[in-house]
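Using numbering that gives the first Met the number 0, read the sequence shown as starting at 0 and increasing by one per residue. Even glycine gets a Cβ: it sits at the ideal position worked out from N, Cα and C. Working notes, beginning with the structure itself.
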Amino acid sequence: MATVPMLGQTLKGMRGLYTVSKQLHGCVWLAVNQNKESVVIKSVNHFRLQNERDILRRFQSKTNVIRPLLDEIQNPSTPPTIVLRHLDDDILHASDMKRLTRQEVKYVARKVLEALSVLHEEGFVHTGTGVLLPVMDIHLITD
């Protein structure tokens, strides 16, 4: 039987343990790993999650600008659950809070184009708008 993560629950992945701390959306939770670092947990019994996992696995070694898949939860094993790097902000919100310099805009544009190039080389098309930022390190896109 498929169960959704509960607040305070510890999930066992192939690489570590993750304690669920907050529900962010319907199937997305914030959790902390053993090092007290924030991570994102996605858990849903839907083909799109398995597809996201497969795509992230495929491209992780080809670029550092796509959000990394950190782990997969083994216990509980259903529904399928993945662990992603937590990013603190998105580019739209960050640019609303503080005007980006010309150099920052160029950097973000270059990194987005780099990620799109990697996807296009493999025949993929990205239609999302998700450009997310870790604090002090603008370099990741996600769906």
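>> In whole angstroms, give me the CA-to-CA distance for V19 and I72.
In response: Stepping through the sequence shown from its first residue, residue 19 is reached at position 20. Stepping through the sequence shown from its first residue, residue 72 is reached at position 73. Roughly 12 Å separates the two Cα atoms.
> Can you tell me whether DSSP reads L83 as helix, strand or coil?
Replying inline: Here residue 83 refers to the residue found at position 84 of the sequence shown. Correct three-state label for L83: strand.
>> Assuming V104 is part of the alpha helix (DSSP H), what are its boundary residues?
In response: What you label residue 104 is simply residue 105 of the sequence shown in a count that begins at 1. In this chain, the alpha helix (DSSP H) harbouring V104 covers R101 to E120.
>> Since N32 and V38 should fall inside the 8 Å C-beta cutoff, what is the C-beta to C-beta distance between them, to a whole number of angstroms?
In response: Reading the sequence shown from its first residue, position 33 is the one you call residue 32. Reading the sequence shown from its first residue, position 39 is the one you call residue 38. A Cβ-Cβ distance of about 6 Å is found for the pair N32 and V38, placing them in contact under the 8 Å criterion.
> Tell me which same chain residues have a C-beta within less than 8 Å of the C-beta of L6, skipping the five on either side of it?
Replying inline: Counting from one through the sequence shown, the residue named residue 6 turns up at place 7. Excluding residues within five positions, the ones whose Cβ falls inside 8 Å are V19, S20, K21 and Q22.
>> Let me make sure I understand the geometry here. Which of R109, T77, L118 and N63 has the alpha-carbon closest to that of T2?
In response: Here residue 2 refers to the residue found at position 3 of the sequence shown. Per the Cα distances, T77.
> Can L99 and I81 be called in contact, C-beta distance under 7 Å?
Replying inline: Counted from its first residue, the sequence shown places residue 99 at position 100. Counted from its first residue, the sequence shown places residue 81 at position 82. L99 places its beta carbon 7 Å or farther from that of I81.
>> Please list the terminal residues of the continuous beta strand (DSSP E) segment that includes L10.
In response: For the purposes of this step, residue 10 is taken as residue 11 along the sequence shown, with counting starting at 1. Taken as a continuous stretch (DSSP letters only), the beta strand (DSSP E) holding L10 covers T9 to G12.
>> Alpha carbons only, please: which of E121, L118 and Y17 is nearest the one belonging to N34?
In response: Translated into positions along the sequence shown, residue 34 becomes position 35. Checking every option, the nearest Cα to that of N34 belongs to Y17.
>> Let's test the definition: count the other Cβ atoms within 10 Å of the Cβ of H85 and tell me whether it reaches 16, buried, or not, exposed.
In response: Stepping through the sequence shown from its first residue, residue 85 is reached at position 86. Burial state of H85 is buried, judged by a 10 Å Cβ sphere holding 16 or more other Cβ atoms.
>> Measuring only the C-alpha atoms, how far is L48 from A93?
In response: For the purposes of this step, residue 48 is taken as residue 49 along the sequence shown, with counting starting at 1. For the purposes of this step, residue 93 is taken as residue 94 along the sequence shown, with counting starting at 1. Cα to Cα, L48 sits roughly 27 Å from A93.
> Are K61 and V117 closer than 7 Å when you measure CB to CB?
Replying inline: As a first step, residue 61 is located in the sequence shown; it is residue number 62 there, counting from the start. As a first step, residue 117 is located in the sequence shown; it is residue number 118 there, counting from the start. In this structure, K61 sits near V117, with a CB-CB distance shorter than 7 Å.
> Any C-beta of chain D sitting closer than 7 Å to the C-beta of Q22?
Replying inline: Included in the structure is just one protein chain, with no chain D present.
>> In whole angstroms, give me the CA-to-CA distance for N50 and A108.
In response: For the purposes of this step, residue 50 is taken as the residue at position 51 of the sequence shown. For the purposes of this step, residue 108 is taken as the residue at position 109 of the sequence shown. Rounded to whole angstroms, the separation of the alpha carbons of A108 and N50 is 26 Å.
>> My output table needs one value for S60: the three-state DSSP class, helix, strand or coil.
In response: For the purposes of this step, residue 60 is taken as residue 61 along the sequence shown, with counting starting at 1. Assigned with DSSP and collapsed to three states, S60 falls in coil, not helix or strand.
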